[in-house]
Amino acid sequence: MTGFTNLGPHAAFIVAAYAAALAVIISLIAWVLADHAAQRRLLADLEARGVSRRSDKEAA
Amino acid sequence: MALIDLANPTRFLSATARVLPWLAIATAIAFAVGLYLVWSAPDDYQQGATVKIMFIHVPNAWLAMAVWAVMSIASIGTLVWRHPLADVAAKAAVPLGAAFTFLALLTGSLWGRPMWGTYWVWDARLTSVLVLFLMYLGVLALSRTVDDPSRAGRAAAILTLVGAINLPIIKFSVDWWNTLHQPASVFRASGPAIDPSILTPLLVMALAFMLLFVTLHLAAMRNEILRRRVRTMWLMQAHAAS
Amino acid sequence: MTAFLALLQRDTRLAIRIGGGALMGVLFFLIVVTLVPFAVGPDLAQLRRIGPAILWVGALLASLLTLDRLLAADHEDGSLDLLLMGTTPLELVVLTKAAAHWITSCLPLVIATPLLGLFLNLEPLAIGAVALTLLAGTPALTCIGLIGAALSVALRRGGLLLPLLVLPLTVPVLIFGVAASNAAIAGPTSFGAPFMILCALSLGSLVLGPFAAAAALRHGLE
Chain A
1 MTGFTNLGPH
11 AAFIVAAYAA
21 ALAVIISLIA
31 WVLADHAAQR
41 RLLADLEARG
51 VSRRSDKEAA
Chain B
1001 MALIDLANPT
1011 RFLSATARVL
1021 PWLAIATAIA
1031 FAVGLYLVWS
1041 APDDYQQGAT
1051 VKIMFIHVPN
1061 AWLAMAVWAV
1071 MSIASIGTLV
1081 WRHPLADVAA
1091 KAAVPLGAAF
1101 TFLALLTGSL
1111 WGRPMWGTYW
1121 VWDARLTSVL
1131 VLFLMYLGVL
1141 ALSRTVDDPS
1151 RAGRAAAILT
1161 LVGAINLPII
1171 KFSVDWWNTL
1181 HQPASVFRAS
1191 GPAIDPSILT
1201 PLLVMALAFM
1211 LLFVTLHLAA
1221 MRNEILRRRV
1231 RTMWLMQAHA
1241 AS
Chain C
2001 MTAFLALLQR
2011 DTRLAIRIGG
2021 GALMGVLFFL
2031 IVVTLVPFAV
2041 GPDLAQLRRI
2051 GPAILWVGAL
2061 LASLLTLDRL
2071 LAADHEDGSL
2081 DLLLMGTTPL
2091 ELVVLTKAAA
2101 HWITSCLPLV
2111 IATPLLGLFL
2121 NLEPLAIGAV
2131 ALTLLAGTPA
2141 LTCIGLIGAA
2151 LSVALRRGGL
2161 LLPLLVLPLT
2171 VPVLIFGVAA
2181 SNAAIAGPTS
2191 FGAPFMILCA
2201 LSLGSLVLGP
2211 FAAAAALRHG
2221 LE
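Protein sequences, first through last, are from chains A, B and C.
Just so it is clear: in the first sequence, position 57 is 57 by this note's numbering, and no numbers are missing.
Numbers given in this note's numbering equal positions in the second sequence, counted from 1, plus 1000.
Numbers given in this note's numbering equal positions in the third sequence, counted from 1, plus 2000.
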């Protein structure tokens, strides 16, 4: 069991690789969540202004 | 509920809303298990601890190709079967696939520096993945430049399918191109037979990344559906105002 | 001053959008640099020798790509006529547009140079030299390109004519840019001499470009 205590002479590269992966994954998750919030906000805004979609009207 | 019912965007939204939290939890668990296995994996007798980079590099390389395959199937769905959500699926997958390809290139480069002494070498595999990355960027640019979503979807579908044909051609031709000029350094692929103590973490990490893609993909598809609703409502509002 | 900033902000915002010049320029740069090893072969030693030249040609072509839209887009929707009729001096207007072009199209190229230098197996010193010469030389590319854009703005197929007009004029910039980079890497000659000339070309074109472009616009759009 080596763990993270002894990563050998090239530890910097290993850490950099995992850090990059973490950064990319977090960015993707953040993008998806932020996009969702933005679209929800725009939809709520439009609905507040009284615009509605055809299917919403049919369902109501 | 048959699969065809999911073609209705509203039903798709409600179905994925239920499934998404579970997928997210499954992804987190898979990564937790995977990282534990990576942590406890032994060092490779040739490469030492840097073999741990492989546990990120290889799953992302696999996903880079797999996501293009998903996009290709979705593109066939758009062009041939006219499935309503096919172009949504395709468009949502592109940034994810590009990100995984980028990670594969970056981690591969970080693995290459200590192993071969150089960040980059123009060998067949690296070059064809770089070309794949450029094609992802091309589809990304195309699908966001055309305003109308369905026209953009059809254009992107054509480009994706052409790219799918092009990928084996590139791989084949770059193999041939590279053997005409002997490469400067001898590149040895990931060791001899893969021992279970290395194989298991690899497969678990691959599963984790795959679950991550499925989760993010469904979430991105939901966002795209909402985005199109916003656009429709904007257009209706503008039409009503005029 | 506010007119200058307003125009700068507008042009920058337009270029940063997905279909705009900033992203496309960098991607084109990346593609060109990727293409060269396909043609020349993957021998890293050879790529290292011609690396600065590849980067300079790539940057030159990439900055050329977006020059077309610099004035033509405004001409199409009529805002160029508004700018011509306004109170701000036309020379300042075109200089502002050149500044926006440099910030959004050329500066990303300079920033992308280290990454592409890695692809071409350049050492850090070489990468630094190329990036510095690009930083100093791209204003010249923008301002010379401005002249070509102004000359071809009113033409229907002006976009095709533009490279033909601009490229010969940019040859001195290319020569001194590559000379300075190579001198920094392996030179008996000093880096300073060609670099100074490169800076002089940039400063000169910063003055000449707007005046020539403004004159070309006035005559071309009468």
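Glycine included, C-beta positions come from ideal geometry on N, C-alpha and C.
The structure presented is a predicted model; accordingly, all values stated were derived computationally and were not measured.
- SER1109, THR1118, TYR1119, TRP1120: these are the residues of the segment 1094–1120 of chain B whose beta carbon lies less than 9 Å from some beta carbon of chain C, given in chain order.
- Contact annotation: LEU1134 (chain B) and PHE1100 (chain B) have beta-carbon atoms that are not nearer than 9 Å.
- Of C:ALA2006, C:THR2096, C:PRO2108, C:LEU2217, the smallest CA-CA separation from LEU2206 (chain C) is found for C:THR2096.
- Proximity of ILE14 (chain A) to chain B, defined by a Cβ-Cβ separation below 9 Å, is satisfied.
- Contact of LEU1137 (chain B) with chain C by beta-carbon distance below 7 Å involves LEU2027.
- ILE1029 (chain B) is not a Cβ neighbour of TYR18 (chain A), given a cutoff of 9 Å.
- Within the segment 2014–2066 of chain C, the complete alpha helix (DSSP H) runs of at least 4 residues fall at 2021–2040, 2044–2065.
- The beta carbon of ILE26 (chain A) does not come within 9 Å of any beta carbon belonging to chain B, so the residue lies off that interface.
- Here LEU2027 (chain C) is near ALA1141 (chain B), since their CB atoms are less than 9 Å apart.
- Using a Cβ-Cβ distance cut-off of 8 Å, the segment 1039–1058 of chain B and the segment 1195–1206 of chain B are in contact, since at least three pairs of beta carbons, one from each stretch, lie closer than that value.
- In this structure the segment 1022–1041 of chain B does not touch the segment 1065–1079 of chain B; the number of beta carbon pairs closer than 8 Å is below three.
- Within 9 Å of the CB of PHE2119 (chain C), the CB atoms of chain B belong to TYR1119, TRP1120, TRP1122, LEU1130, in sequence order along the chain.
- Sequence-distant partners of ASP1087 (chain B) (beyond 5 residues in either direction) whose C-beta falls short of 6 Å from its own C-beta, in its chain, are THR1078, GLY1153.
- Under the three-state reduction of DSSP output, GLY2192 (chain C) falls in the helix class.
- Residue burial is scored here from C-beta neighbours: SER2181 (chain C) has at least 16 other C-beta atoms within 10 angstroms and is therefore classed as buried.
- Beta-bridge partners of ASP1044 (chain B) (DSSP): B:GLY1048.
- The three-state reading of DSSP puts LEU2208 (chain C) in helix, counting H, G and I together.
- Around the beta-carbon of GLY2145 (chain C), 16 or more other beta-carbon atoms lie within 10 Å, marking it buried.
- Listed along chain C, no residue sits closer than 8 Å to LEU1013 (chain B) by beta-carbon distance, the nearest being about 26 Å off.
- Assigned with DSSP and collapsed to three states, ASP1148 (chain B) falls in coil, not helix or strand.
- Secondary structure at ALA38 (chain A): helix, using DSSP grouped into helix, strand and coil.
- Among the CB atoms of chain B, none fall inside 9 Å of the CB of ILE2185 (chain C).
- Along the length of the segment 2121–2198 of chain C, whole alpha helix (DSSP H) runs at least 4 residues long occupy 2124–2152, 2158–2186, reported in chain order.
- At a cut-off of 9 Å between beta-carbon atoms, PRO2163 (chain C) makes no contact with chain B.
- Among the residues facing chain C, THR1127 (chain B) is included, as its CB has a counterpart in that chain under 9 Å away.
- Within chain B, THR1127, LEU1130, VAL1131, LEU1134 have C-beta atoms less than 9 Å from the C-beta of THR2034 (chain C), given in sequence order.
- Nearest to ILE2147 (chain C) by alpha-carbon distance, out of C:ALA2193, C:PRO2210, C:ASP2043, is C:PRO2210.
- Within the same chain, and ignoring the five residues on either side of ALA2062 (chain C) in sequence, the residues whose Cβ sits closer than 8 Å to its Cβ are GLY2025, VAL2026, PHE2028, PHE2029, VAL2032, SER2105, LEU2109.
- In the three-state DSSP reduction, ASP1123 (chain B) falls in the coil class, being neither helix nor strand.
- Excluding the 5 residues flanking it on each side, ALA1049 (chain B) has same chain C-beta neighbours closer than 6 Å at ASP1043, in chain order.
- Interface annotation, ALA30 (chain A): not in contact with chain B, CB-CB separation never under 9 Å.
- When DSSP states are grouped into helix, strand and coil, PRO9 (chain A) belongs to the coil group.
- Rounded to whole angstroms, the Cβ separation of THR1127 (chain B) and VAL1067 (chain B) is 19 Å, and the two are not in contact under 8 Å.
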